[in-house]
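Chains as they are written, first to last, in my numbering: chain A, 1 to 142; chain B, 1 to 142; chain C, 1 to 142; chain D, 1 to 142.
First the structure, in the form of structure tokens, and then the observations on it.
There are 4 protein chains.
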Amino acid sequence: MLKMNAEDLIAFLRSHFPSVDKSGLAVEQVDEHSITMRLPYHEDHLRPGGTISGPSQMMLCDTAMYLMTLAQIGPVALAVTTNLNINFLRKPKPADMIAQGKMLKLGSRLAVGEVTLFSEGDDRPVAHATLTYSIPPEKERG
Amino acid sequence: MLKMNAEDLIAFLRSHFPSVDKSGLAVEQVDEHSITMRLPYHEDHLRPGGTISGPSQMMLCDTAMYLMTLAQIGPVALAVTTNLNINFLRKPKPADMIAQGKMLKLGSRLAVGEVTLFSEGDDRPVAHATLTYSIPPEKERG
Amino acid sequence: MLKMNAEDLIAFLRSHFPSVDKSGLAVEQVDEHSITMRLPYHEDHLRPGGTISGPSQMMLCDTAMYLMTLAQIGPVALAVTTNLNINFLRKPKPADMIAQGKMLKLGSRLAVGEVTLFSEGDDRPVAHATLTYSIPPEKERG
Amino acid sequence: MLKMNAEDLIAFLRSHFPSVDKSGLAVEQVDEHSITMRLPYHEDHLRPGGTISGPSQMMLCDTAMYLMTLAQIGPVALAVTTNLNINFLRKPKPADMIAQGKMLKLGSRLAVGEVTLFSEGDDRPVAHATLTYSIPPEKERG
């Protein structure tokens, strides 16, 4: 049923966003309703205080939602975020960050989902985001 | 561990918000991490088109988060919503509405949670909200 | 340029939401980019503590965004809120509430705006909301 | 009245986030209620399609809110974002990006503000964010 699997998604991401290669970002699982991604721990993502920065967390949420959507609609580069709401809950640990995405609605014009971030080995969420992607009409897709 | 159980919560709500009695709002389950509430179907909540109105949905999310917080901190009437973000996903059906709340973080100053709304008998979410409550310092509680 | 003026908007609201009549809700100004509404002070909107309730504030923000959109696209009853994010900033005073709306983007599929609430006579905002409305395609409008 | 002026703010940012130096980020104006920042156009911020990326826009909103808060409370490195809600409105142009921040509430525990982004030379907003910062209690500040 999926139009792109984990391997397809990462290949797509690497070809469109070359910096991804360096970060080691991985798709661990994807299905019709959910995705799990992992961002390996790197000192580059740190902010003062030694934790993974807010912008890195936002980017991870955005990427998880993007790939969860593409898995179902195919490689539509023009899908764009229209709304992102994120609550930062706890200081992340110096560890890999795990993103768990869940699709709330995949309509013909809008996809809405939520992404929860965890530090590996800790089941208390670090951040929680809800995101909306606008999906271009079929005829305008490249 | 809970400072208030389902019965306490509804009694508290009724004594502070008398209109609740009339609505038939019920707490079906509550524990340290979650709450389930039910809003019986009434024609009063309808908007043009025959569905439960957005404001009724927002009020239900807000109430679920409020009671989920009170269950853990006790009857602190002064806890107040500071942020509510809601995505309306699907037209609700003319049926009871079920609210499933999940606590994301209960700190000493802020409680953050999410609430998903369903029409009874349909597992596709109608709306999803994240909410933040500000908790008054211990010494200021009535 | 406007398809509906202040008088048209209130007439539309009254015919679709009869309870509006009772509340005394008024459109004080509307143009291509903004709207000003007034909710007269009534004891009914109060919550414990004597202030206008959160749900009343959310409903006012939602109505201001709805009417600001209709003013430009005409009486499209099927326009629906897809996202509402509100920050509650200060306890409102027992006074009329003023809503100032500003359109951020009016596209063919989505309208995005912000609404700031004030208690009359105080220039510090009581609440601030951003809202997205989904606009039905031209052919599906009633 | 301000505890830090534009020069202080940029110096603080550079000493805590060395990458800022490279980006050319500037504070053009700051007072008790507002801030204006400029992000010079660089090809690095681009995403496929040639526009400034969403993460770059989010980081700019977050930085503007952070500095607008520090201007009033002083160099409190431990102030942290607790909530960010952003609506992406239009494709930015390949031009400098201007951020206009406005403080909605500066309390003792929370600061809430909004930031609107523009492409230089175009008065239609590119993105709009509301943000909440948590302010550490006086005694815990470094």
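Think of the CB as a built atom: it goes at the ideal place given N, C-alpha and C, for glycine as much as any other residue.
Here the structure is a predicted model, which means the values were calculated and not measured.
Could you tell me which of the options sits nearest to residue i, measuring between CA atoms?
i, options, result
"A:L63", "A:M1, A:G113 and A:D123", "The sequence as given places Thr at residue 63 of chain A; Leu does not occur at that position. Among A:M1, A:G113 and A:D123, the Cα nearest to that of A:T63 is on A:G113."
"D:N83", "A:Y41, A:G74, A:M58 and A:L70", "A:M58"
"B:K105", "B:I10, B:G54, B:S56 and B:H33", "B:H33"
"B:T116", "A:K22, A:A95, A:Q72 and A:M103", "A:M103"
"B:V80", "C:Q72, C:K91 and C:G74", "C:K91"
"C:S108", "C:A95, C:N85 and C:L70", "C:L70"
"A:L110", "A:N85, A:Q100, A:K22 and A:L131", "A:L131"
"B:M229", "B:A127, B:I73 and B:S53", "Residue 229 of chain B lies beyond the stretch modelled for chain B, which goes from 1 to 142, so this question has no answer here."
"A:Y41", "A:G54, A:E138 and A:K93", "A:K93"
"D:L39", "D:M65, D:P136, D:G54 and D:I98", "D:I98"
"C:A129", "D:G54, D:P136 and D:N87", "D:N87"
"B:L149", "B:M68, B:P136, B:E138 and B:P137", "Only positions 1 to 142 of chain B appear in this structure, which leaves residue 149 of chain B out of reach."
Rounded to the nearest angstrom, what separates residue i and residue j at their Cα positions?
i, j, result
"B:S134", "B:V76", "11 Å"
"B:I35", "B:L60", "12 Å"
"B:A11", "B:P18", "10 Å"
"B:V20", "D:L89", "39 Å"
"A:P125", "C:M37", "40 Å"
"B:G142", "B:L78", "Note that B:G142 has pLDDT 47, beneath the 50 cutoff, so the model's placement of it is unreliable and the number below is only indicative. C-alpha separation (whole angstroms): 8 Å."
"A:G121", "D:N85", "28 Å"
"A:G101", "C:D96", "43 Å"
"C:G54", "B:H16", "15 Å"
"D:Y66", "D:A127", "17 Å"
"B:K22", "A:D123", "40 Å"
"C:F118", "C:S56", "13 Å"
"D:P136", "B:I52", "41 Å"
"D:E43", "C:D31", "38 Å"
"D:E138", "B:E138", "18 Å"
Taking CB distances under 7 Å as the criterion, tell me whether residue i reaches chain B.
i, result
"A:K105", "yes"
"A:V112", "yes"
"A:P125", "yes"
Please decide whether residue i counts as near chain C, where near means a Cβ-Cβ distance under 7 Å.
i, result
"D:L89", "yes"
"B:P55", "yes"
"B:P18", "no"
Quick one: does residue i have its CB under 7 Å from some CB of chain D?
i, result
"C:T130", "yes"
"B:G142", "A caution first: B:G142 carries a pLDDT of 47, below 50, which makes its placement in the model too unreliable to give a value."
Are there any heavy atoms of the ligand ZN lying less than 6 Å away from the beta-carbon of residue i, as far as the coordinates show?
i, result
"B:N83", "Ligands in the displayed structure: none, and consequently the ligand ZN is not present."
Original post:
Pairing CB atoms from the stretch 1 to 15 of chain D with CB atoms from the stretch 25 to 42 of chain D, are three or more of them under 8 Å?
Top reply: yes
Subject >> Positions along the stretch 75 to 89 of chain C whose CB lies within less than 8 Å of some CB in chain A >> reply: T82, N83 and N85
**OP:** Determine which residues of the stretch 56 to 74 of chain B have a Cβ less than 7 Å from any Cβ of chain C, and write them out in chain order.
**Re:** M58, M59 and D62
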